[in-house]
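As structure tokens, the structure follows; a few thoughts come after it.
Number of protein chains: 2
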Amino acid sequence: MEIVLATRNSGKVQELRRLLEGLPITVLFLEDFREIPEVVEDGETYEENAVKKAREVAAATGRMVLADDSGLEVDALQGGPGVHSARWSGEELTDHERYMKLLEKLQDTPEDERGALFRCTIAIATPRKILKVVQGTCRGSIVSSPQGAGGFGYDPVFMPVGYNHTFAELSPEVKNRISHRARALEKAALFLEGYVHSSLEEG
Amino acid sequence: MEIVLATRNSGKVQELRRLLEGLPITVLFLEDFREIPEVVEDGETYEENAVKKAREVAAATGRMVLADDSGLEVDALQGGPGVHSARWSGEELTDHERYMKLLEKLQDTPEDERGALFRCTIAIATPRKILKVVQGTCRGSIVSSPQGAGGFGYDPVFMPVGYNHTFAELSPEVKNRISHRARALEKAALFLEGYVHSSLEEG
Numbered sequence: 033m034e035i036v037l038a039t040r041n042s043g044k045v046q047e048l049r050r051l052l053e054g055l056p057i058t059v060l061f062l063e064d065f066r067e068i069p070e071v072v073e074d075g076e077t078y079e080e081n082a083v084k085k086a087r088e089v090a091a092a093t094g095r096m097v098l099a100d101d102s103g104l105e106v107d108a109l110q111g112g113p114g115v116h117s118a119r120w121s122g123e124e125l126t127d128h129e130r131y132m133k134l135l136e137k138l139q140d141t142p143e144d145e146r147g148a149l150f151r152c153t154i155a156i157a158t159p160r161k162i163l164k165v166v167q168g169t170c171r172g173s174i175v176s177s178p179q180g181a182g183g184f185g186y187d188p189v190f191m192p193v194g195y196n197h198t199f200a201e202l203s204p205e206v207k208n209r210i211s212h213r214a215r216a217l218e219k220a221a222l223f224l225e226g227y228v229h230s231s232l233e234e235g
Numbered sequence: 033m034e035i036v037l038a039t040r041n042s043g044k045v046q047e048l049r050r051l052l053e054g055l056p057i058t059v060l061f062l063e064d065f066r067e068i069p070e071v072v073e074d075g076e077t078y079e080e081n082a083v084k085k086a087r088e089v090a091a092a093t094g095r096m097v098l099a100d101d102s103g104l105e106v107d108a109l110q111g112g113p114g115v116h117s118a119r120w121s122g123e124e125l126t127d128h129e130r131y132m133k134l135l136e137k138l139q140d141t142p143e144d145e146r147g148a149l150f151r152c153t154i155a156i157a158t159p160r161k162i163l164k165v166v167q168g169t170c171r172g173s174i175v176s177s178p179q180g181a182g183g184f185g186y187d188p189v190f191m192p193v194g195y196n197h198t199f200a201e202l203s204p205e206v207k208n209r210i211s212h213r214a215r216a217l218e219k220a221a222l223f224l225e226g227y228v229h230s231s232l233e234e235g
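Each protein sequence line maps, in turn, to chains C and H. Just so you know, we're using the numbering used here here: the first sequence kicks off at 33 and counts up by one. Just so you know, we're using the numbering used here here: the second sequence kicks off at 33 and counts up by one.
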């Protein structure tokens, strides 16, 4: 069986590969296809975005597709930036500029009110329909200054509960076990495993 | 699709029904079949027991089967009673006698050393093979005297992390969201959902 990963993020690609290891599933990438239309993530929820991306890429490739959308929900910002995390405070900002802007907004917020939640939604679709939508979350807090060089996005300012390091400081092994994306991918992988097992039985 | 639940515990039956709601899966019970041989749970691990039960019931019924094994691992008892939880301290004890025995063993153990882990392993098998083994855990501590009348087994003495009530005091809704068995069943349900979706596509 083949599945197309609707992302250009290499970290996500590696994580999915690891989780699907040992299964008869071939992971394909957007780069493997020509002329995949750019999907505009203009939904009001993670699920809308993930479903839209999965559906459009499945239609364009004729294959099964896995697509995700995720965001950071900061308690003191009433759950913002949330679904707008990637585009928040200006489309043209770099990751660094974006998380510095977040720290600026939280500069008067005391330590015990800096809670935040990373959320990831994954949709799996065939060209015919949406098969499954799953979600993963990771609770933590926003530190006062960036720490670490790993990861991407808001990772240098997010410290997961139970750890003394930000996502950007944790090893990929640890992050890929506890992150919102890892938790959603684990569920997606279980679904896909059942799916592929059944195909094997039938075939 | 049909699946046989290899348990005579009605709590487990209800939980699985809820998790599989909306899927075209019919849950069957051991009572629906005649002459299912009693499976002796003599394995050294939860997985051995769950796999053995799933395999034997699948062979006897000719159906897909879901079987579980679980146990309570108490830090101060070096992980005991663990896989022997059900038979620990004498085959013939009631739940009440069994958890009172546990409290007796821990009577000199201070509060901060009473940590424990509930663990559940689920195996899914067809008559031809073991399809999948999943696991769920729930961390907590052993209280000093039994509290609550719900649940079964060690529930009256186990308080999950983040709650001020034992499993026996929590509503079924809460327990069925956070318990070791619920977490394992959630994974099993994802696998089964993929499995049944694929069958539908093929058919």
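Cβ atoms here follow ideal geometry from the backbone N, Cα and C, with glycine treated the same way. Quick caveat: nothing in here was measured; it's all calculated off a predicted structure.
Item                                                                                                                                                                                      : Value
What are the boundary residues of the alpha helix (DSSP H) that includes H/Gly43?                                                                                                         : 42-51
If you draw a straight line from the C-alpha of H/Val175 to the C-alpha of H/Arg146, how long is it?                                                                                      : 8 Å
Under 8 Å by Cβ, that's how I've got C/Val89 and C/Ala38 pegged, so tell me the actual separation to the nearest angstrom.                                                                : 4 Å
State the Cα-Cα distance for the pair H/Asp74 and H/Pro113, rounded to the nearest angstrom.                                                                                              : 14 Å
Hey, would you say H/Val241 sits closer than 8 Å to H/Val165, going by beta carbons?                                                                                                      : Residue 241 of chain H lies beyond the stretch modelled for chain H, which goes from 33 to 235, so this question has no answer here.
Excluding five sequence neighbours on each side, which residues of the same chain lie with their C-beta closer than 8 Å to the C-beta of C/Ala92?                                         : Phe65, Glu67, Ile68, Pro69
Using a 10 Å radius around the Cβ and a threshold of 16 neighbouring Cβ atoms, would you call C/Thr77 buried or exposed?                                                                  : exposed
Is the Cβ of H/His212 closer than 8 Å to any Cβ of chain C?                                                                                                                               : no
Assign C/Arg213 to one of three DSSP states: helix, strand, or coil.                                                                                                                      : helix
Note down the Cα distance separating H/Val189 from H/Asp144, rounded to an integer number of angstroms.                                                                                   : 15 Å
Inspect the CB distances between the region 152-166 of chain H and the region 188-206 of chain H and report whether three or more fall short of 8 Å.                                      : no
Mind pulling the chain H residues with CB within less than 7 Å of C/Leu62?                                                                                                                : In chain order: nothing, as chain H lies at least about 23 Å away.
Closer than 7 Å by beta-carbon distance: list the chain C residues that pair up with H/Tyr195, in chain order.                                                                            : The premise fails here: H/Tyr195 is roughly 16 Å from chain C at the closest Cβ pair, so nothing lies under 7 Å.
Hey, could you find the ends of the beta strand (DSSP E) C/Thr169 is sitting in?                                                                                                          : 162-174
How many Å lie between H/Arg40 and C/Asp101 at the Cα?                                                                                                                                    : 41 Å
Does the region 205-212 of chain C come close enough to the region 47-57 of chain H that 3 or more CB-CB pairs lie under 8 Å?                                                             : no
Tell me, please, which residues DSSP counts as bridged to C/Val106.                                                                                                                       : C/Gly112, C/Ala148
Unbroken beta strand (DSSP E) runs of length 3 or more, entirely within the region 78-107 of chain C: which are they?                                                                     : 96-106
So, are the CB atoms of H/Gly185 and H/Thr198 less than 8 Å apart?                                                                                                                        : no
Quick one: is H/Val72 buried, meaning 16 or more other Cβ sit within 10 Å of its Cβ, or exposed?                                                                                          : exposed
Excluding the 5 residues flanking H/Ser42 on each side, which residues of the same chain have their C-beta closer than 6 Å to its C-beta?                                                 : none
Output the boundary residues of the beta strand (DSSP E) element that contains H/Leu292.                                                                                                  : A question about residue 292 of chain H goes unanswered here, because the residues of chain H that appear run from 33 up to 235.
Would you call the region 121-140 of chain C and the region 214-224 of chain C touching, i.e. three or more CB-CB distances under 8 Å?                                                    : no
If you draw a straight line from the C-alpha of H/Ile35 to the C-alpha of H/Glu225, how long is it?                                                                                       : 12 Å
Does chain H have any CB closer than 8 Å to the CB of C/Leu37?                                                                                                                            : no
Leaving out the 5 sequence neighbours to the left and right, which residues in its chain are closer than 6 Å to C/Gly182 when beta-carbon positions are compared?                         : Ala200
Please work out which residues of its chain come closer than 7 Å, Cβ to Cβ, to C/Pro159, disregarding the five sequence neighbours upstream and downstream, and give them in chain order. : Ala90, Ala91, Gly94
In the region 159-182 of chain H, which residues sit with their C-beta less than 7 Å from some C-beta in chain C, listed in chain order?                                                  : Leu163, Lys164
Checking 8 Å against the spacing of the C-beta atoms, do H/Pro192 and H/Cys170 come in under that value?                                                                                  : yes
Are the beta-carbon atoms belonging to C/Ala157 and C/Ala216 less than 8 Å from one another?                                                                                              : no
Could you pull the start and end residues of the alpha helix (DSSP H) that H/Glu136 belongs to?                                                                                           : 127-137
Helix, strand or coil for H/Val206, going by three-state DSSP, please let me know.                                                                                                        : helix
Determine, using beta carbons only, whether H/Leu222 comes closer than 8 Å to chain C.                                                                                                    : yes
H/Val97 CB to nearest chain C CB: under 8 Å?                                                                                                                                              : no
Is there a Cβ from chain H that is less than 8 Å from the Cβ of C/Gly226?                                                                                                                 : yes
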